[in-house]
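K.L.:
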Amino acid sequence: MLLRTSGYAVDLVEDGASAEAAIATQSFDLVVLDLNLPDFDGLDVLRFIRSRKDGAAVMILTARGAAEERVRGLDLGADDYMIKPFDVSEFEARVRVLLRRHAGLRSSLISFGVVDFDLNSRSFSANGQTIELPARELSLLEVLFMRAGKVVAKEAIMQSLAAFDDDLSSNAIEQYVSRLRKRLAPHGLTVRTARGIGYYLDPSVGA
Numbered sequence: 001m002l003l004r005t006s007g008y009a010v011d012l013v014e015d016g017a018s019a020e021a022a023i024a025t026q027s028f029d030l031v032v033l034d035l036n037l038p039d040f041d042g043l044d045v046l047r048f049i050r051s052r053k054d055g056a057a058v059m060i061l062t063a064r065g066a067a068e069e070r071v072r073g074l075d076l077g078a079d080d081y082m083i084k085p086f087d088v089s090e091f092e093a094r095v096r097v098l099l100r101r102h103a104g105l106r107s108s109l110i111s112f113g114v115v116d117f118d119l120n121s122r123s124f125s126a127n128g129q130t131i132e133l134p135a136r137e138l139s140l141l142e143v144l145f146m147r148a149g150k151v152v153a154k155e156a157i158m159q160s161l162a163a164f165d166d167d168l169s170s171n172a173i174e175q176y177v178s179r180l181r182k183r184l185a186p187h188g189l190t191v192r193t194a195r196g197i198g199y200y201l202d203p204s205v206g207a
C-alpha cells in the first residue's frame with residue numbers, strides 16, 4: 001500500500017512458488033522479499049533470482065535479524081537487508097537508493113534537455129518550475145526518463161505502469177503518451193514513437 005501510494009506499480013504474491021513464477025515471466029526493478037514464506041525459505045527465492053542472472057535489486061525485509069542471517073542473505077546476492085519492525089521513511093529511502101543503483105545512477109537528480117527529474121521526490125521540473133502530472137503520466141515519464149534517449153518497448157512500459165490486477169491496454173498507453181506530449185511541448189521535450197517498437201524521449205518540440 002505504501003509503495004502504491006507513492007506511485008509505484010506493485011505486484012504482490014503470498015508464497016515462494018508464486019514469487020518464482022512471477023520472476024520467471026516478468027522483469028522487475030526491485031524485489032522486496034520476506035524470508036518466512038509458507039512453502040519454503042525466502043532465501044531459496046533469492047537463489048532462484050540470482051541463478052537466472054536476474055538484474056533486479058533485492059531487498060530482504062524480514063523479522064530474522066540475527067547477524068548470521070544477514071550475512072547469509074547478503075552473501076547470496078541480496079542488495080539490502082532490513083529488519084522488521086521498520087521505519088517507513090527509512091524503507092522508502094532504501095527503495096529509492098536501490099532503484100537508483102539498479103538504473104546505474106549515482107545522483108538522485110537526472111536531467112534531459114531542460115527538464116529535471118528528482119528521484120527522491122519523484123517530481124519533474126523545467127527551469128525551476130514544477131511540471132504537474134497525473135499519476136500515470138508521471139510514471140510513464142519516469143520510465144522514459146530512466147532510459148532517456150533510448151527506445152523503451154511498449155510492453156516494458158505496460159509492465160512498469162501496471163500491477164497484475166490492473167487492466168492496462170495498449171490503447172491506454174497511446175492515450176497517456178498523447179497527453180504527455182501536450183504537457184511536455186512547452187518545455188522543449190517530446191515523446192517520439194519508434195514504430196512497431198515503443199517510445200523514446202527527444203529534446204525537441206513536436207510529436
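Residue numbers for the sequence shown follow the numbering used here, beginning at 1 and rising by one. By construction, the Cβ of each residue, glycine as well, lies at the ideal position given by its N, Cα and C atoms. Just so we're clear, the structure is a prediction, and the values are computed from it rather than from any experiment.
State yes or no: is the C-beta of Arg-122 within less than 9 Å of the C-beta of Gly-7?
P.N.:
yes
K.L.:
Alpha carbons only, please: which of Leu-140, Glu-132 and Leu-144 is nearest the one belonging to Phe-112?
P.N.:
Leu-144
K.L.:
Which same chain residues, not among the five before or five after Leu-168, have their C-beta less than 8 Å away from its C-beta?
P.N.:
Met-158, Leu-161 and Ala-162
K.L.:
Helix, strand or coil for Tyr-200 per DSSP?
P.N.:
Three-state DSSP puts Tyr-200 in a strand.
K.L.:
In or out: Ala-153 buried (at least 16 other Cβ within 10 Å) or exposed?
P.N.:
exposed
K.L.:
Measuring only the C-alpha atoms, how far is Glu-132 from Leu-141?
P.N.:
12 Å
K.L.:
Just mark Thr-25 as buried or exposed, buried being the case when its beta carbon has 16 or more other beta carbons within 10 Å.
P.N.:
exposed
K.L.:
I need the straight-line Cα distance from Phe-91 to Val-151, nearest angstrom please.
P.N.:
31 Å
K.L.:
Would you kindly work out how many angstroms separate the C-alpha atoms of Ile-110 and Gln-129, rounded to a whole number?
P.N.:
15 Å
K.L.:
Do the stretch 76-91 and the stretch 8-20 touch if we need at least three Cβ pairs shorter than 8 Å?
P.N.:
Touching, no.
K.L.:
Which same chain residues, not among the five before or five after Leu-30, have their C-beta less than 8 Å away from its C-beta?
P.N.:
Cβ neighbours of Leu-30 beyond the five flanking positions: Ala-56, Ala-57, Val-58, Met-59, Val-95, Leu-98, Leu-99 and His-102.
K.L.:
Are Leu-76 and Leu-46 close, meaning C-beta to C-beta below 9 Å?
P.N.:
yes
K.L.:
Taking the alpha carbon of Thr-5 as the point to measure from, which residue in Ile-23, Arg-192, Tyr-199 and Arg-136 has its own alpha carbon closest?
P.N.:
Arg-136
K.L.:
Less than 6 Å between C-beta atoms, sequence neighbours within five positions excluded: which residues of the same chain meet that for Ala-126?
P.N.:
Val-114, Val-115 and His-187
K.L.:
Which residues does DSSP pair with Ala-153 in a beta bridge?
P.N.:
Gly-198
K.L.:
Can you list, in chain order, the residues of its chain whose CB lies under 6 Å from that of Ala-19, leaving out five sequence neighbours each side?
P.N.:
Val-13 and Val-45
K.L.:
Around the Cβ of Arg-52, are there at least 16 other Cβ atoms within 10 angstroms (buried) or fewer (exposed)?
P.N.:
Arg-52 comes out exposed.
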